[in-house]
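In terms of the working numbering, the sequence shown is residues 19 to 132.
Contents: one structure, followed by commentary.
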Amino acid sequence: AWEGFLKRMDEGGPFASFAAAPAMTAKQVPYTMGKQVSFDYFCDLAHSALVAACSADVLQRVDGFTPVIAALPAAVLACVLSHPGDAVLTEFFKAGPAKGGVLGSARQLIAAGG
């Protein structure tokens, strides 16, 4: 591990490990925002649907599934929102840092037809 650290320092200096931080942020921020915000919304929708469709006795037994029901659409939305950033992050790691940073990686991706 120490040898790897020293090699990384020689290749890119003390902040080399943080070179991908903007590209990672371009992926992670939309994912996290989409997942956190939509999960609460989908929980409300799932709970409302269960209340409308179930008797009080059945609701007591199945209402614990509300988060499970809400997790699927929240996860799908989060993945859809983060996909462009994920493509940029992949391009960043595949081709290395582009001139212009994250936007440069995005431009390379678009120029390649992606």
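The beta-carbon is built from N, C-alpha and C at its ideal position, and this holds for glycine as well.
Please read all numbers here as calculations on a predicted model, not as lab measurements.
Spanning the alpha carbons of histidine 65 and proline 91 requires a straight line of approximately 14 Å.
For aspartate 28, the uninterrupted alpha helix (DSSP H) segment begins and ends at 20–30. Boundaries for aspartate 81: no alpha helix (DSSP H) harbours it, and the DSSP string shows neither H nor E there. Segment contact: the segment 25–40 against the segment 51–64, fewer than three CB-CB distances shorter than 8 Å; contact not assigned.
Proline 40 sits close to glycine 119, with the two beta carbons spaced by under 7 Å. Counting along the chain, phenylalanine 60 sits inside the alpha helix (DSSP H) bounded by residues 39–71. Within the segment 95–131, the complete alpha helix (DSSP H) segments of 4 residues or longer fall at 119–129, listed in chain order. Sequence-distant Cβ neighbours of glutamate 109 in its own chain, meaning closer than 7 Å and more than five residues away, are Ser123, Gln126 and Leu127. Note that the segment 45–54 does not touch the segment 74–82; fewer than 3 beta-carbon pairs, one per stretch, sit closer than 8 Å. With contacts defined as CB atoms closer than 7 Å, leucine 95 and serine 35 fail to qualify as a contacting pair. The Cβ atoms of alanine 44 and proline 115 lie no closer than 7 Å to each other.
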